[in-house]
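What follows is one structure encoded as structure tokens, with my remarks underneath.
Residue numbers (this note's numbering): -16 to 433.
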């Protein structure tokens, strides 16, 4: 029986088993395999080796063999010509074709990794400690991590661990609601998020002084007219003085305050994004040239939340996007109102029942304007006689905070009882005798032992 090996660019060198034994004497004794010895190869079998690791497969009934990518493994025969010794040389993948005496062929897929798969499995178990829902298993020549984690931080941790072993470890770990096939205990929970927005406003303004005209004189300062009524025999004369330099007295003040409280509650399955929107649109007519259009200004509360609850840690990780807006009077005096908005985008982790201020703001603005006669209006105290002084102050303070909680699912029996009661309520038409809102028969008393 002869065995041929394909070397280089496909040249086949036929060597007898006796001749090969002279070139590789006692290979099996010099380098004993670490895995099972002399196992029979199966077509399509995946073989995983680490660099420097050896493994043996049976060479019985093999007439010829061929190696795919050269340099990934080294193939030798034992002294008794009954076993191939495969040694990992460098990281990569290759194939080995075995042609048997009866003409049948067996193809082996061989993968060489920098680390031993068994050692990698042990390291993964240590690196993933604390993530009980993540499993590590070997699929063919590769190692697969699958399962469901509760938070994005845990998912990033798993992905980072997988990146430490490129082309050897793959991660199929998902988040709840991420479409993965794995079922996690955390996915059965229902999460409630209470969102609060509080804002306080205070404003005050005043104007005091004499507002003098900006210009005096011009055309037709003095106007006069005389009229005659020939029928009635009367006559009248009128005279008017325009652009007179008379001042306007400003003595006005305004102050006020406002407070706003908005609350939004969102209930959703663990790991499923939910959105809550409440508000409206105010329509205003806008004239542009000869056409009249409609300007829509939206306002209200818009909250989008993605909660992930970890039952073992009793923590809720939330990805929250909130937008709160209100209509206010225009500061420029326009007929269209202004809109105050507060936007928030954050990712936090809270314990159940814990509340936290997600954002806070405090602002204070002051405006002071003086108009009047140059120089004279700037005189302290007496300046109000030669000009108008206006002052406006605005203070705003607000905060946004959330409170997460877990809602227990309603049992099926209780849900059916509520549905039946609501159905009877809908059918009720005045005949109360037919109403059986609940079972009025008393329960049987417990038996008393004698």
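All residues carry an ideal CB built from backbone N, CA and C; glycine is no exception. If you're wondering where the values come from, they're calculated on a predicted model, not measured in any experiment.
field: Element boundaries [beta strand (DSSP E), containing residue 120]
entry: Counting from 1 along the chain shown, the entry for residue 120 is found at position 137. Residue 120 -> beta strand (DSSP E) spans 118 to 122.
task: Using the Cα positions of residue 119 and residue 140, report the straight-line distance between them to the nearest angstrom.
output: Counting from one through the chain shown, the residue named residue 119 turns up at place 136. Counting from one through the chain shown, the residue named residue 140 turns up at place 157. So the two alpha carbons sit approximately 15 Å from each other.
- prompt: In this structure, does DSSP put residue 255 in helix, strand or coil?
  reply: The residue labelled residue 255 in the question sits at position 272 within the chain shown. Correct three-state label for residue 255: coil.
- request: Give the secondary structure of residue 163 by DSSP, where H, G and I count as helix, E and B as strand, and everything else as coil.
  value: Along the chain shown, one-based indexing puts residue 163 at 180. Confidence is the limiting factor: at residue 163 the pLDDT is only 42, short of 50, which leaves the residue's position unreliable, though a coordinate-based value still follows. The answer is coil: DSSP assigns residue 163 none of H, G, I, E or B.
query: Which runs of the beta strand (DSSP E) fall wholly inside the stretch 241 to 307 and span at least 3 residues, in chain order?
result: With a minimum length of 3 residues, the continuous beta strand (DSSP E) runs that stay inside the stretch 241 to 307 are 257 to 271 and 274 to 293.
- request: State the DSSP-derived secondary structure class of residue 369, mapped to helix, strand or coil.
  value: Against the chain shown, residue 369 aligns to sequence position 386. Note: residue 369 maps to coil in three-state DSSP.
- request: Give the DSSP-derived three-state secondary structure of residue 405 in the structure shown.
  value: Residue 405 sits at position 422 when you count from the first residue of the chain shown. Three-state result, residue 405: helix.
- request: Have a look at 74, 249 and 62 and flag the residue whose alpha-carbon is nearest the alpha-carbon of residue 55.
  value: Position 72 of the chain shown, counted from the start, is the residue given in the question as residue 55. Selected option, being the one with the closest Cα: 74.
message: Does the distance between the C-beta of residue 248 and the nearest non-hydrogen atom of the ligand SAM fall short of 7 Å?
response: Looking for the ligand SAM in the displayed structure turns up nothing, as the structure carries no ligands at all.
Residue(s) in a DSSP beta bridge with residue 61: Here residue 61 is taken as the residue at index 78 of the chain shown, counted from 1. Note: residue 61 sits in no beta bridge, so no partner.
query: Exposed or buried, residue 363, counting other C-beta atoms within 10 Å across all chains shown (16 or more means buried)?
result: Mapped onto the chain shown, residue 363 falls at position 380. Label assigned to residue 363: exposed.
message: Using 8 Å for Cβ pairs, my map puts residue 275 next to residue 327. What's the rounded Cβ distance?
response: Counting from 1 along the chain shown, the entry for residue 275 is found at position 292. Counting from 1 along the chain shown, the entry for residue 327 is found at position 344. Contact doesn't hold; Cβ gap of about 37 Å is too wide.
message: Once DSSP output is grouped into helix, strand and coil, what is the label at residue 110?
response: Against the chain shown, residue 110 aligns to sequence position 127. Looking at residue 110 - three-state DSSP - the assignment turns out to be helix.
- prompt: Does the beta-carbon of residue 182 have 16 or more other beta-carbons within 10 angstroms, so that it is buried, or is it exposed?
  reply: Taking the first residue of the chain shown as position 1, residue 182 is located at position 199. Its Cβ being crowded by 16 or more others within 10 Å, residue 182 is buried.
- request: Under 8 Å by Cβ, that's how I've got residue 144 and residue 111 pegged, so tell me the actual separation to the nearest angstrom.
  value: Numbered from 1 along the chain shown, position 161 holds the residue referred to as residue 144. Numbered from 1 along the chain shown, position 128 holds the residue referred to as residue 111. The pair is a contact, with the Cβ atoms about 7 Å apart (cut-off 8 Å).
query: For residue 149, is the classification buried or exposed, using 16 other Cβ atoms within 10 angstroms of its Cβ as the cut-off for buried?
result: Within the chain shown, residue 149 is the residue found at index 166, counting from 1. By the 10 Å Cβ count, residue 149 comes out exposed.
- request: Keeping to the same chain, check which residues put their C-beta closer than 6 Å to that of residue 247; ignore five residues upstream and five downstream.
  value: Translated into the one-based positions of the chain shown, residue 247 becomes position 264. Closer than 6 Å at the Cβ level, and outside the excluded window around residue 247, lie 178, 259, 284 and 286.
query: Can you give the Cα-Cα distance for residue 91 and residue 135, rounded to whole angstroms?
result: Taking the first residue of the chain shown as 1, we reach residue 91 at position 108. Taking the first residue of the chain shown as 1, we reach residue 135 at position 152. In a straight line, the C-alpha of residue 91 is about 39 Å away from that of residue 135.
- prompt: If we count the other Cβ atoms within 10 Å of its Cβ and call it buried at 16 or more, is residue 33 buried or exposed?
  reply: For the purposes of this step, residue 33 is taken as the residue at position 50 of the chain shown. Residue 33 is buried by the Cβ-count criterion.
- request: Rank 46, 142 and 353 by C-alpha distance to the C-alpha of residue 87 and give the top, closest one.
  value: Your numbering for residue 87 matches position 104 in the chain shown. Nearest of 46, 142 and 353 to residue 87, Cα basis: 46.
- request: Give the straight-line distance between the Cα atoms of residue 414 and residue 406, rounded to the nearest whole angstrom.
  value: The sequence position of residue 414 within the chain shown is 431, counting from 1. The sequence position of residue 406 within the chain shown is 423, counting from 1. Distance between the alpha carbons of residue 414 and residue 406 is about 15 Å.
- request: Could you say if the stretch 365 to 373 and the stretch 325 to 342 meet the contact criterion of at least three C-beta pairs nearer than 8 Å?
  value: no
- request: May I have the straight-line CA-CA distance separating residue 385 from residue 122, to the nearest angstrom?
  value: Here residue 385 refers to the residue found at position 402 of the chain shown. Here residue 122 refers to the residue found at position 139 of the chain shown. Approximately 44 Å between the Cα atoms of the pair.
task: Please classify residue 96: is it buried, with 16 or more other beta-carbons within 10 angstroms of its beta-carbon, or exposed?
output: In the chain shown, the residue the question calls residue 96 occupies position 113. Buried.
Outcome for residue 40 when other beta-carbon atoms lying within 10 angstroms are tallied against a minimum of 16: Residue mapping note: residue 40 aligns to position 57 of the chain shown, counting from 1. Buried: at least 16 other Cβ atoms inside 10 Å.
message: Taking the alpha-carbon of residue 190 as reference, which of 176, 237 and 175 has the nearest alpha-carbon?
response: As a first step, residue 190 is located in the chain shown; it is residue number 207 there, counting from the start. When the alpha-carbon of residue 190 is set against those of 176, 237 and 175, the nearest one is in 237.
- prompt: Quick one: Cα of residue 103 to Cα of residue 389, how far?
  reply: Residue mapping note: residue 103 aligns to position 120 of the chain shown, counting from 1. Residue mapping note: residue 389 aligns to position 406 of the chain shown, counting from 1. Near 38 Å, if we compare the C-alpha coordinates of residue 389 and residue 103.
message: Spatial neighbours of residue 71 within its chain, please: C-beta separation below 7 Å, excluding the five flanking residues on both sides.
response: In the chain shown, the residue the question calls residue 71 occupies position 88. These residues qualify, in order along the chain: 32, 33, 34, 35, 36, 56 and 95.
query: For residue 94, which residues does DSSP report across the bridge?
result: Counting from one through the chain shown, the residue named residue 94 turns up at place 111. DSSP lists 31 and 76 as partners of residue 94.
- request: Could you have a look at residue 350 and say whether DSSP puts it in helix, strand or coil?
  value: Here residue 350 corresponds to residue number 367 of the chain shown, with the count starting at 1. In this structure, DSSP gives residue 350 an extended state, which the three-state scheme calls strand.
query: What separation, rounded to the nearest whole angstrom, lies between the Cα atoms of residue 417 and residue 411?
result: Indexing the chain shown from 1 puts residue 417 at position 434. Indexing the chain shown from 1 puts residue 411 at position 428. In a straight line, the C-alpha of residue 417 is about 9 Å away from that of residue 411.
field: Where residue -16 sits in the DSSP three-state scheme
entry: Taking the chain shown and counting its residues from 1, one reaches residue -16 at position 1. Residue confidence for residue -16 is low, a pLDDT of 45 falling below 50, so the modelled location carries little weight and cannot support an answer.
Cβ neighbours of residue 297 in the same chain (closer than 7 Å, five flanking residues each side left out): Looking up residue 297 in the chain shown gives position 314. Counting only Cβ-Cβ distances below 7 Å, and skipping sequence neighbours, we find 334 and 335.
query: By how many angstroms is the C-alpha of residue 342 removed from the C-alpha of residue 291?
result: Looking up residue 291 in the chain shown gives position 308. Looking up residue 342 in the chain shown gives position 359. If you take the alpha carbons of residue 291 and residue 342, they lie about 21 Å apart.
message: residue 302 and residue 289 - do their beta-carbons sit closer together than 8 Å?
response: To locate residue 289, count along the chain shown from 1; it is residue 306. To locate residue 302, count along the chain shown from 1; it is residue 319. A distance below 8 Å separates the beta carbons of residue 289 and residue 302.
- prompt: With 16 other CB atoms within 10 Å as the buried threshold, where does residue 48 fall?
  reply: Looking up residue 48 in the chain shown gives position 65. When all chains shown are included, residue 48 counts as buried.
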